[in-house]
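Shown next, in structure tokens, is the structure this report addresses.
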Amino acid sequence: MENPKSSTHVLALKHLEIRTFIRLQEIKAREVKQIIRRDKKKYIEDKCEQIENNFSKNRSRDVYNIIKSLTKTFQPKSVVIKDENGNVLTESRQILDRWKRYSENRFANTSEPKQTAINNNESYTDAELEPLRSEVEWAINSWKDGESPGCDEITAEMLKASGEAGITYYHRICTKIWKTGKWPEEWKRAVFIILPKKGDLQLCSNHRTSSLISHPRKIMLKIIMKRLENILETEVSKTQAGFRKGSGTRDNIFNLRNIIEKFREIDEDLHICFIDCSKAFDCVIHKHLWKTLRDMGIHNNIVKLIENLYAGQQAAVRLEC
Numbered sequence: 001m002e003n004p005k006s007s008t009h010v011l012a013l014k015h016l017e018i019r020t021f022i023r024l025q026e027i028k029a030r031e032v033k034q035i036i037r038r039d040k041k042k043y044i045e046d047k048c049e050q051i052e053n054n055f056s057k058n059r060s061r062d063v064y065n066i067i068k069s070l071t072k073t074f075q076p077k078s079v080v081i082k083d084e085n086g087n088v089l090t091e092s093r094q095i096l097d098r099w100k101r102y103s104e105n106r107f108a109n110t111s112e113p114k115q116t117a118i119n120n121n122e123s124y125t126d127a128e129l130e131p132l133r134s135e136v137e138w139a140i141n142s143w144k145d146g147e148s149p150g151c152d153e154i155t156a157e158m159l160k161a162s163g164e165a166g167i168t169y170y171h172r173i174c175t176k177i178w179k180t181g182k183w184p185e186e187w188k189r190a191v192f193i194i195l196p197k198k199g200d201l202q203l204c205s206n207h208r209t210s211s212l213i214s215h216p217r218k219i220m221l222k223i224i225m226k227r228l229e230n231i232l233e234t235e236v237s238k239t240q241a242g243f244r245k246g247s248g249t250r251d252n253i254f255n256l257r258n259i260i261e262k263f264r265e266i267d268e269d270l271h272i273c274f275i276d277c278s279k280a281f282d283c284v285i286h287k288h289l290w291k292t293l294r295d296m297g298i299h300n301n302i303v304k305l306i307e308n309l310y311a312g313q314q315a316a317v318r319l320e321c
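Counting with the UniProt record's numbering, you get residues 1 to 321 for the letters of the sequence shown.
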């Protein structure tokens, strides 16, 4: 027969072991928390030091990227999506097909027939001066490192590293495009990456699409944009704050605050109307855009270059399924 005292002694030892184990776990947990707090403090101090160093070297982009990494909150990604009828799609193939249909409908111009490239054999007798080598060099060197490449995977760093040989090579390509009006097919391809916004992330419309285009294509676009700057500045209304050099929406916010304060001073009612055009940039009818550019006095050669770039464009949607 088992001794009751012996059983009681064994139980007491087990309880002591359990209490000791729990006590040790609590001590370890406190030590881990202290280590986490210490490491977190050191991590933030290191980041602050990086911010100060970048700020002293006028690297504003790096400064804001570090601040963003410290302050951003977790943004969940939706692994499923809803179709046009509200049905939830879970299969990768179905999700890709849904995004394909959404992108086609969003960017399709239903108000005019499908665009075809302008006759590339036309001779531009009054064509504007073709791109200069110095313009190509400026366009390549004006990029900031770290920008995402297009489907050709050519980065800004690669173009810069190509040196004089690269400048000569792309100057020859840009000159040929300028003379013929024909763009390389690879330069017409883009990659859409999906960025979540607010609301129900199972709806395609609650995502933003960012287009990644070829960096070599950007060389030509930068040259065209630089040549159009002076004309556009005289044509764009002074009341437009966005997409104007030396101006920003903060200017309109400042003006609006002043107006509100003045109306408060005289105790008068003020009515303000805000209009948000949904997907405004995606719904522009291209033929009206070309007409507007010509009416503004943009050289016909440049307008045809832009027309041919938009004609027959292709895009792929990049997803993490």
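Note that the Cβ used here is the ideal one computed from N, Cα and C, for glycine as well.
Taking 7 angstroms as the threshold (C-beta atoms), are Q202 and I95 in contact? Counted from its first residue, the sequence shown places residue 95 at position 95. Counted from its first residue, the sequence shown places residue 202 at position 202. In terms of Cβ geometry, I95 and Q202 do not form a close pair [threshold 7 angstroms].
Secondary structure at L195, three-state DSSP: helix, strand or coil? Sequence index remark: in the sequence shown, residue 195 carries index 195 (1-based). Note: L195 maps to strand in three-state DSSP.
Could you tell me whether the Cβ atoms of E268 and W290 are closer together than 7 angstroms? Residue mapping note: residue 268 aligns to position 268 of the sequence shown, counting from 1. Residue mapping note: residue 290 aligns to position 290 of the sequence shown, counting from 1. No, they are not a contact pair.
Whether P131 touches W187 by CB criterion (7 angstroms): As a working mapping, residue 131 is identified with position 131 in the sequence shown. As a working mapping, residue 187 is identified with position 187 in the sequence shown. Judged by their CB atoms, P131 and W187 are not nearer to each other than the 7 angstroms cut-off.
Taking 7 angstroms as the threshold (C-beta atoms), are A165 and K222 in contact? For the purposes of this step, residue 222 is taken as residue 222 along the sequence shown, with counting starting at 1. For the purposes of this step, residue 165 is taken as residue 165 along the sequence shown, with counting starting at 1. No.
Have a look at the DSSP bridge pairing and note the partners of Q314. Counting from 1 along the sequence shown, the entry for residue 314 is found at position 314. Answer by DSSP bridge pairing, in chain order: R189.
Residue interval of the alpha helix (DSSP H) (run including L212): For the purposes of this step, residue 212 is identified with residue 212 of the sequence shown, where counting begins at 1. The continuous stretches of alpha helix (DSSP H) do not include L212, which lies in the beta strand (DSSP E) extending over residues 207 to 213.
For R318, which residues in the same chain have their Cβ closer than 6 angstroms to its Cβ, ignoring the five residues on either side in sequence? Residue numbering aside, residue 318 sits at position 318 when the sequence shown is read from its first letter. V191, I193, listed in sequence order.
Kindly indicate which three-state DSSP category L201 falls into: helix, strand or coil? Reading the sequence shown from its first residue, position 201 is the one you call residue 201. DSSP places L201 in coil when its eight states are reduced to three.
If we count the other Cβ atoms within 10 Å of its Cβ and call it buried at 16 or more, is M1 buried or exposed? As a first step, residue 1 must be located in the sequence shown, where it is residue number 1. Caution applies to M1, whose pLDDT of 49 falls short of 50 and renders its modelled position unreliable; the value that the coordinates give is listed next. M1 counts as exposed, since fewer than 16 other C-beta atoms from the protein chains shown sit within 10 angstroms of its C-beta.
Around the Cβ of C48, are there at least 16 other Cβ atoms within 10 angstroms (buried) or fewer (exposed)? Looking up residue 48 in the sequence shown gives position 48. Burial call: exposed.
Output the boundary residues of the alpha helix (DSSP H) element that contains L159. Locating residue 159 in the sequence shown gives position 159, where the first residue counts as 1. Residues 156 to 161.
Taking 6 angstroms as the limit between beta carbons, can you name the residues of its chain near W99, skipping five residues before and five after? In the sequence shown, the residue the question calls residue 99 occupies position 99. Taken in chain order, the residues that qualify are V317.
Any heavy atom of the ligand HEM closer than 6 angstroms to the Cβ of F243? Although the ligand HEM was asked about, the structure shown includes no ligands whatsoever.
Kindly identify the DSSP beta-bridge partner or partners of V80. Counting from one through the sequence shown, the residue named residue 80 turns up at place 80. Secondary-structure assignment with DSSP links V80 through no beta bridge to anything.
On the DSSP bridge assignment, give the partners of V88 in chain order. Working through the sequence shown from its first residue, we reach residue 88 at position 88. Paired residues: K82.
Rounded separation between H286 and K40 - CA only: Looking up residue 286 in the sequence shown gives position 286. Looking up residue 40 in the sequence shown gives position 40. Answer to the nearest angstrom: the Cα atoms are 52 angstroms apart.
Out of I253, K14, M220, which one is the CA nearest neighbour of W183? Taking the sequence shown and counting its residues from 1, the one referred to as residue 183 is at position 183. Sorting I253, K14, M220 by C-alpha distance to the C-alpha of W183 places M220 at the top.
Taking all protein chains shown into account, decide if I44 is buried (16 or more other Cβ within 10 angstroms of its Cβ) or exposed. In the sequence shown, the residue the question calls residue 44 occupies position 44. Classified as exposed, I44 has fewer than 16 neighbouring CB atoms from the shown chains inside 10 Å of its CB.
With H, G and I counted as helix, E and B as strand and the rest as coil, what does DSSP make of E130? As a working note, residue 130 is residue 130 in the sequence shown. Coil.
Reduced DSSP secondary structure (H/G/I, E/B, other) of E17: On the sequence shown, residue 17 is found 17 positions in, with the first residue counted as 1. Note: E17 maps to helix in three-state DSSP.
Using a Cβ-Cβ cut-off of 8 angstroms (strictly less than) and excluding sequence neighbours within five positions of I224, which residues of its own chain qualify? Your numbering for residue 224 matches position 224 in the sequence shown. So the list reads I302, L305, I306, once near-sequence residues are dropped.
Between D152, N141, T175, which has its C-alpha nearest L159's C-alpha? In the sequence shown, residue 159 corresponds to position 159, counting from 1. Distance check between L159 and each of D152, N141, T175 places N141 closest, using alpha-carbon atoms only.
So, is L293 buried or exposed, given that buried needs 16 or more other C-beta atoms within 10 angstroms? The count along the sequence shown starts at 1 and reaches residue 293 at position 293. Using a 10 angstroms sphere on the CB of L293, the tally of other CB atoms reaches 16 or more, which defines it as buried.
Rounded to the nearest angstrom, what separates R172 and I260 at their Cα positions? Working through the sequence shown from its first residue, we reach residue 172 at position 172. Working through the sequence shown from its first residue, we reach residue 260 at position 260. About 56 angstroms.
Ends of the alpha helix (DSSP H) at H286? Residue 286 sits at position 286 when you count from the first residue of the sequence shown. For H286, the enclosing alpha helix (DSSP H) begins and ends at 286 to 295.
Rounded to a whole number of angstroms, what is the C-alpha to C-alpha distance between L309 and L212? Taking the sequence shown and counting its residues from 1, the one referred to as residue 309 is at position 309. Taking the sequence shown and counting its residues from 1, the one referred to as residue 212 is at position 212. When rounded, the distance between both Cα atoms is 15 angstroms.
Select from F254, S92, L89, E84 the residue whose C-alpha is nearest the C-alpha of C105. Counting from one through the sequence shown, the residue named residue 105 turns up at place 105. First, the amino acid is wrong: residue 105 is Asn here, not Cys. It is E84 whose Cα lies nearest to the Cα of N105.
Alpha carbon to alpha carbon, how far is E135 from R217? Give it in angstroms, no decimals. As a first step, residue 217 is located in the sequence shown; it is residue number 217 there, counting from the start. As a first step, residue 135 is located in the sequence shown; it is residue number 135 there, counting from the start. R217 and E135: Cα-Cα distance of roughly 14 angstroms.
Are F55 and D282 touching if we call contact CB-CB under 7 angstroms? Counting from one through the sequence shown, the residue named residue 55 turns up at place 55. Counting from one through the sequence shown, the residue named residue 282 turns up at place 282. Contact: no.
Straight-line gap, D276 to N252 (C-alpha atoms, nearest Å): In the sequence shown, residue 276 corresponds to position 276, counting from 1. In the sequence shown, residue 252 corresponds to position 252, counting from 1. Roughly 15 angstroms separates the two Cα atoms.
Closest Cα partner of H299 within the set L228, W143, E235: As a first step, residue 299 must be located in the sequence shown, where it is residue number 299. Among L228, W143, E235, the Cα nearest to that of H299 is on L228.
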